Amino acid sequence: MRVLIVEDDQQTAAYLRKALQEDGHAVDHAGNGRDGLFLASTESYDAVVLDRMLPGLDGLAVLRTLRGAGNTTPVLLLTALADVDHRVEGLRAGSDDYLAKPFAYAELSARLDGIVRRGAVPGTAPGRLEVADLTLDLERRDALRGGRRIALQPREFRLLEYLMRHKGRAVTRTMLLEAVWDYHFDPQTNVIDVHVSRLRQKIDQGFDRPLLHTVRGVGYRLGD
Amino acid sequence: MLQRLHSTSARLVLAVALAFLAAFLLLGAGVYSRVLASLDRDTREFVRSDAADLLALRRDAGARALLDEVDARSRDPDQDDLLYAVFDRDGRRMAGKPVPHLPRRNGWTSFRDASVADRPRVIARVVALDDGGRLLAGMRTRAEDGFLAAMQRAALLALVLAAACGLLVGWLTSRWVGAKLARLDDTARRIAGGELGLRVPADGSGDPFDRVGARLNAMLDRIDALVDGVRHATDHIAHDLRTPLARMRNRLEELRDAADVDTAGRDALDAALLESDRLLQTFAALLRLSRIEVQASTEAMPELDLGRIAADAVELYAPSAGAEGMRLLDRSTPAPMRGDADQLFQAVVNLLDNALRHAQAGGDVVVSTMADADGVVLEVADRGPGIAEADRSRVFDRFERLQPDRGTPGSGLGLSLVRAIVIRHGGRIELQDNRPGLRVLLRFPLAGGDQPPVSS
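And the structure:
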């Protein structure tokens, strides 16, 4: 896909450009808000990575101008301040997701993936999610694998639903915490791991092919 | 504070009124005694010259003329208040009105005249006659006494009026001062509550209160500028320092994932990555802490259920606790309050994290919430080693770790963050002995209910 990076720090921008290109994306870069706004409104991108603090026109202003003009390109806002207020402010201004610096590239990649594919859930029938022989019935709150019913706690159900909606893609621990627990906070330990391993026991134990994989340095991925 | 102010002004009103009364009484008593003395002197002067006239008559016209004159005067209804009597040498009355009391000695005397209903005071003079008899001339001071009584009544009335006036003026003054001070007090309270942009309203009267208000405002502006400077500096540190740190971290990551790194190198890079992540986390926590500390209070925040938040946190941490051989028990009941759900969740999570880190394996950690008339309470109780009474006040300080030798993970900022969040929500923290273990209580004011007014 085609990604625009609006970032004044040359090294961060170069690092991002390199990593995104290695993943097979086409990358444009703007070093300030004015250029970024110009590129974003004249060119067509699949996603914009926008730094919040920019010389001249700042990131929020760029975002508001874009959204004001009816541009709906998914935007991932980057900032040095991971404060909840800032996050809310960013989301209100129209960003699709929010990432605090410093970030691991894997986190950025996973979130970028998330905002681009949002709404385009590769499902089958509505109300049903499928990954290999694992099926999740959203209406009956039912999980089946290989025809066998799996008993899930409500929270485990939401966890599995989120993983299935992002099937084949890596999701980070923070993304899971925010989506499944619905709180923005800094866990002091990898508290989510225990929940995932419980879920893994339920859906993978007794089957030849594991579906829930740990992605080193990133988080988890559900798929073949 | 206002209550103390009220009792202060009440005392002031009382003191002013009392001083008023004391001055009035002193002045009144002085005037009264002077008037009394002056009236007495006038009466004596009159009696003296009257007696002298009678003596002159006797000398010129003889003893019989005196007796006739005295009888005549005694009968005269116009001169009812004058008292005359002539006695012979044996003390028998020869002429004039009956006298209730004849003193042995000559000269001035004073007595009550019991022959009349209201027993007026009489000032009289007794003079010796040359035949051995005595002449008494006196005067009832009825008019003077009436005047004095009227004066007393007027004084009493004035006293009551003055006292009422004093109280009224004092009350109005204290109300006026109180209202002015209440304005300052209210503004100060709200600023302390986090509305840092608030200023004391000026009424432009230029009175001392207005001047104090203006001075306070100038002071607040100055503090604001300083705080703003600090905040800007923090933001810039966040941006300028974290960006290169992040770059370094990313390079480490690139290096680790490079193909030609052996296992030992990869382990070393992993360790370095972990260190830099921890550093960045500490940094983020510090920034977060400072930002929460300057955030406004919770008045505009949505209502939420602290019990629900506690239950969610327990649900998140229960499996981790189970893995360590501990039980995490949820005893939450609905606890409505106003606040920031993310921050409160963070606070509960930090407390749980702390409890699980320090509690002995096998012990229970119990989380409960409840609401009562005063507000809502969240309690996290563990069976760990607890915290000695002397150390309790400093566990919430930045980077304070009571057992640094135990090598427990954590930045030393977790509990500082809890405190900042609790203070921001207008609550307070209590640490208690759980015998054994530690019991942490977070108390918050009721939802919707504004802080109870300080004044009444």
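Going down the list, the sequences are from chains A and B. Position 117 of the first sequence, counted from 1, bears residue number 118 in the working numbering, the numbering being contiguous throughout. Position 271 of the second sequence, counted from 1, bears residue number 272 in the working numbering, the numbering being contiguous throughout. From the three backbone atoms N, C-alpha and C, an ideal C-beta is built for every residue, glycine too. Please read all numbers here as calculations on a predicted model, not as lab measurements.
Tell me which residue opens and which closes the beta strand (DSSP E) that residue i is part of.
i, result
"M2 of chain A", "Where M2 of chain A is concerned, there is no enclosing beta strand (DSSP E), given that its DSSP letter is neither H nor E."
"S75 of chain B", "Per DSSP, S75 of chain B belongs to no beta strand (DSSP E); it is in the alpha helix (DSSP H), 64-76."
"G340 of chain B", "That residue, G340 of chain B, is in no beta strand (DSSP E); it is neither H nor E in DSSP."
"E179 of chain A", "That residue, E179 of chain A, is in no beta strand (DSSP E); it is neither H nor E in DSSP."
"F445 of chain B", "439-446"
"I422 of chain B", "Per DSSP, I422 of chain B belongs to no beta strand (DSSP E); it is in the alpha helix (DSSP H), 415-425."
"Y106 of chain A", "No beta strand (DSSP E) contains Y106 of chain A, which is instead part of the alpha helix (DSSP H) from 106-118."
"A125 of chain B", "122-129"
"D492 of chain B", "Chain B is shown only over 2 to 457; residue 492 of chain B falls outside these bounds and no answer can be derived."
So residue i contacts chain A; which residues on that side make the cut at Cβ distance below 9 angstroms?
i, result
"R248 of chain B", "D10, Q12, T13, Y16, P103"
"T244 of chain B", "D10, Q12, T13, A81, K102, P103"
"V350 of chain B", "Y184, F186, D187, P188, Q189, V192"
"D354 of chain B", "P188, Q189, T190, V192"
Note down, in chain order, every chain A residue with its Cβ under 7 angstroms from the Cβ of residue i.
i, result
"E316 of chain B", "R156"
"D343 of chain B", "V85, Y184, H185, F186"
"G415 of chain B", "Q189"
Quick check: the Cα distance between residue i and residue j, rounded to an integer number of angstroms?
i, j, result
"G387 of chain B", "L442 of chain B", "14 angstroms"
"L109 of chain A", "L100 of chain A", "7 angstroms"
"P188 of chain A", "R12 of chain B", "57 angstroms"
"A30 of chain B", "R141 of chain B", "24 angstroms"
"P155 of chain A", "E44 of chain A", "44 angstroms"
"L1 of chain B", "A138 of chain B", "In this structure chain B extends from 2 to 457, so residue 1 of chain B is not present and cannot be described."
"L135 of chain A", "M2 of chain A", "29 angstroms"
"D261 of chain B", "L275 of chain B", "21 angstroms"
"A41 of chain A", "L67 of chain A", "8 angstroms"
"D205 of chain A", "L212 of chain A", "7 angstroms"
"E140 of chain A", "L164 of chain A", "17 angstroms"
"V423 of chain B", "E294 of chain B", "10 angstroms"
"A259 of chain B", "P245 of chain B", "21 angstroms"
"R487 of chain B", "I192 of chain B", "Beyond the ends of chain B as shown, which are 2 and 457, falls residue 487 of chain B; an answer cannot be given."
"D138 of chain A", "A152 of chain A", "12 angstroms"
"A372 of chain B", "P335 of chain B", "7 angstroms"
Grab the span of the alpha helix (DSSP H) containing residue i for me, first residue to last.
i, result
"G147 of chain B", "143-193"
"P75 of chain A", "Run containing P75 of chain A: none; DSSP gives neither H nor E here."
"T43 of chain A", "34-43"
"V197 of chain A", "193-205"
"T13 of chain A", "11-23"
"S277 of chain B", "264-295"
"F158 of chain A", "155-166"
"G60 of chain A", "60-69"
"V366 of chain B", "Careful: V366 of chain B lies outside any alpha helix (DSSP H), inside the beta strand (DSSP E) at 365-373."
By Cβ distance, which residues of its chain are closer than 8 angstroms to residue i, with the 5 residues on each side in sequence left out?
i, result
"V349 of chain B", "I310, A311, A314, V368, L379, V381"
"V216 of chain A", "A107, A171, R222"
"A360 of chain B", "M327, V366, D383, R384, G385, G438"
"Q11 of chain A", "G32"
"L55 of chain B", "L67, E70, V71, Y85, L136, A138"
Note down, in chain order, every chain B residue with its Cβ under 8 angstroms from the Cβ of residue i.
i, result
"D187 of chain A", "Q282, A285, A286, R289, Q347"
Who are the Cβ neighbours of residue i in its own chain at under 7 angstroms, not counting the five residues just before and after it?
i, result
"F21 of chain B", "A163, G167"
"I193 of chain A", "R174, L177, L178"
"R393 of chain B", "L432"
"G408 of chain B", "Any reading at G408 of chain B needs caution, since the residue's pLDDT is 44, under 50, leaving its predicted position unreliable; the model's value is listed next. Correct list: empty, nothing qualifies."
"L68 of chain B", "V87, M95, A96"
Just to check my reading of the structure: residue i and residue j have Cβ atoms closer than 8 angstroms, yes? What is that Cβ distance to the nearest angstrom?
i, j, result
"A14 of chain A", "G34 of chain A", "With a Cβ gap of about 14 angstroms, A14 of chain A and G34 of chain A do not count as contacting."
"L357 of chain B", "S321 of chain B", "7 angstroms"
"L253 of chain B", "G214 of chain B", "At roughly 56 angstroms, the Cβ-Cβ gap does not stay under 8 angstroms, so L253 of chain B and G214 of chain B are not in contact."
"E90 of chain A", "L130 of chain A", "33 angstroms between Cβ atoms; not a contact."
"P104 of chain B", "T110 of chain B", "5 angstroms"
Within a Cβ cutoff of 6 angstroms, which residues of the same chain sit near residue i, ignoring the five residues on either side of it in sequence?
i, result
"G169 of chain A", "G224"
"Y318 of chain B", "L329, L353"
"L17 of chain A", "I6"
"P446 of chain B", "G376, G427"
"D98 of chain A", "L77, R112, I116"
"A48 of chain A", "V4, P75, L113, V117"
"A94 of chain A", "L61, L64, R65"
Below 9 angstroms on C-beta distance, what does residue i contact in chain B?
i, result
"R199 of chain A", "P320"
"Y106 of chain A", "N251, E254, E255"
Would you mind telling me which residues of chain B sit closer than 7 angstroms to residue i, beta carbon to beta carbon, in chain order?
i, result
"H196 of chain A", "P320"
"V192 of chain A", "L317, Y318, S321"
"Y221 of chain A", "What Y221 of chain A touches in chain B: nothing, since even the nearest Cβ is about 16 angstroms away."
Which residues in chain A sit within 8 angstroms of residue i, going by Cβ to Cβ distance?
i, result
"D398 of chain B", "Under the 8 angstroms cutoff, chain A gives no residues; its nearest Cβ is about 18 angstroms from D398 of chain B."
"A324 of chain B", "V195"
"D331 of chain B", "By Cβ distance, chain A contributes nothing, its closest Cβ being about 13 angstroms from D331 of chain B, past 8 angstroms."
Show which residues of chain D have a CB atom less than 7 angstroms away from the CB atom of residue i.
i, result
"N218 of chain B", "In summary, chain D is missing from the structure at hand, where the protein chains are A and B."
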